[in-house]
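What follows is a short report on a single structure.
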């Protein structure tokens, strides 16, 4: 019984303490409601947000509204609203309208100038400001940019030329790696927002540039392009257009990644690398076959589109037909009746292997035939 009484006493003491704390809490709440809120309403916003609220008074109304209907609202003063409207009108006046400014330029050029900036999500933020989509600094418009430089003073011309050359070098540096991405816009996907009087992009696009370095000629081959576009109903990408050779099954590589539902830039990067590897294998075969044509005992060389089938003609009119996979000769035929069957079968086996070993083997065959 004594334990039960002690517990009842403890419970009673706790209830009294809770009541006391509740009263103190209510007093603090009343103080905040009556005194401190009045101080905040006298200066409702900090200096860091004054400019923002002056430019966007509607934002201030939304954030300063109190959920409690019994509490009064504090709105910006009429002077602050006038300043905000004035600043907003100044910003809106900076937007170029086709019927008010730039009347000397074409409609297509105005569309490109007035469209919103594209965010470079494929690039690091540290270099995003060096790669932009402005019409006057894009690679396709460098001649126009250089033409404008001639109209300026010598000092201004030198600074602009130096700045342009710097951007060109940075762009070329990225292109050295073989795979680069760039944003672009299809004019058919542009739509005018009548309320904001701005051009909006209905479907996002992304370009992939693939460039192969030819070690034999010490030059870059003509680049290949793949243009991707967002689907209308599904948030995934699709192949819009491309210049990839027909011997590369680009569609199967696309659908081999997540069943063709590519949603992220990482998946697009994997797809670009797979296509790039195929282009490299084809280019390496072409380079090594080109070296074979420089041999003195090779009279003629014929190849197919992807250099996987090669017909070599020796000086003494012997033909050798080779079938390659990557850089390896997997099959060989010598379609002639002037060689003994046993000898012909022997050399058809000897010529198999890597294409790097082929010059020495052909030299031995040529010496034997002569």
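Residue numbers (this note's numbering): 971 to 1340.
The beta carbon of each residue, even a glycine, is placed where N, CA and C say it ideally should be.
Which listed residue (the options) has its alpha carbon closest to that of residue i
i	options	result
residue 1251	1294, 1286, 1284	1294
residue 1223	1150, 1340, 1168, 1196	1196
residue 1324	1218, 1335, 1300	1300
residue 1182	1149, 1156, 1204, 1202	1149
residue 1340	1290, 1289, 1285, 1322	1285
residue 1156	1146, 1177, 1136, 1004	1177
residue 1211	1154, 1235, 1248	1154
residue 1193	1180, 1187, 1262, 1203	1180
residue 1190	1249, 1275, 980, 1234	1249
residue 1187	990, 1312, 996, 1260	1260
residue 1151	1303, 1198, 1280	1198
residue 1146	1184, 1290, 1166, 979	1184
residue 1326	1335, 1137, 1258, 1337	1258
Strand pairing of residue i, partner residues [DSSP]
i	result
residue 1162	1169
residue 1151	1178
residue 1279	1293
residue 1131	Looking at the DSSP assignment, residue 1131 forms no beta bridge with any residue, so it has no partner.
residue 1184	1189
residue 1195	1179
residue 1200	1207
residue 1323	1299
residue 1265	None; residue 1265 has no bridge partner.
residue 1284	1268
Check whether residue i and residue j have beta carbons under 8 Å apart
i	j	result
residue 1297	residue 1268	no
residue 1163	residue 1174	no
residue 1227	residue 1240	yes
residue 1277	residue 1256	yes
residue 1280	residue 1265	no
residue 1328	residue 1232	no
residue 1287	residue 1303	no
residue 1305	residue 1289	yes
residue 1245	residue 1209	no
residue 1235	residue 1275	no
Cβ neighbours of residue i in the same chain (closer than 7 Å, five flanking residues each side left out)
i	result
residue 1309	none
residue 1320	1331
residue 1336	1267, 1284
residue 988	none
Chain-order list of residues whose beta-carbon lies under 6 Å from that of residue i (same chain, five-residue window excluded)
i	result
residue 983	none
residue 1064	With a pLDDT of 43 at residue 1064, under the threshold of 50, the modelled position of this residue cannot be trusted; read the value that follows with caution. If we look at residue 1064 and ignore the five residues flanking it on each side, it has no Cβ neighbours.
residue 996	none
residue 1230	1224
residue 1201	1208
Run of the alpha helix (DSSP H) containing residue i, from where it starts to where it stops
i	result
residue 1255	1235–1262
residue 1216	Per DSSP, residue 1216 belongs to no alpha helix (DSSP H) and is neither H nor E.
residue 1311	1311–1320
Residue range of the unbroken beta strand (DSSP E) whose run includes residue i
i	result
residue 1191	Looking at the DSSP string, residue 1191 is not in any beta strand (DSSP E), and its letter there is neither H nor E.
residue 1211	1207–1212
residue 1331	Per DSSP, residue 1331 belongs to no beta strand (DSSP E); it is in the alpha helix (DSSP H), 1328–1339.
residue 1303	1298–1303
residue 1268	1268–1273
Distance cut-off 7 Å: residue i Cβ against heavy atoms of the ligand MN
i	result
residue 1286	Within the structure as shown, the ligand MN is missing, as the structure has no ligands at all.
Close-in-space but distant-in-sequence residues of the same chain around residue i (CB under 8 Å, 5 per side omitted)
i	result
residue 1271	1259, 1262, 1263, 1280, 1281, 1282, 1283
residue 1204	1231
Cutoff 8 Å: residue i Cβ touching any chain C Cβ
i	result
residue 1183	No chain C appears in this structure, which consists of one protein chain only.
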